[in-house]
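Asker:
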Amino acid sequence: MTKLLDQALEVARSLPAELQDDIARVVLQLTGDDNVVVELSDDERAAVERSKAAAKRGAFASDEGVRMLWTKYDL
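Per this note's numbering: the sequence shown = residues 43 to 117.
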């Protein structure tokens, strides 16, 4: 293990469990492990369902709406 990775893990150990899990998922994804399970909160699950329903209805942002958002955030 490199010194930098060892230092990063030491810092991660001091973080709350939820953040440690987030870091672990990122590391697993970067190493090519496709079996990472991400658990969604009830709010996140509901947001996904709302998005799926909107997509079924064809309710997508207009090109102008996207341009306005990009301009607002200087993207």
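Ideal Cβ placement from N, Cα and C applies to all residues, glycine included.
Could you tell me the distance, in whole angstroms, from the CA atom of ILE65 to the CA atom of VAL78?
Answerer: C-alpha separation (whole angstroms): 12 Å.
Asker: Alpha carbon to alpha carbon, how far is GLY100 from SER56? Give it in angstroms, no decimals.
Answerer: The alpha-carbon atoms of SER56 and GLY100 are separated by roughly 45 Å.
Asker: Please return the same chain residues whose Cβ sits closer than 8 Å to the Cβ of LEU82, not counting the five positions on each side in sequence.
Answerer: Excluding residues within five positions, the ones whose Cβ falls inside 8 Å are VAL90.
Asker: Quick one: Cα of PRO58 to Cα of LYS94, how far?
Answerer: Going by the C-alpha atoms only, they are around 32 Å apart.
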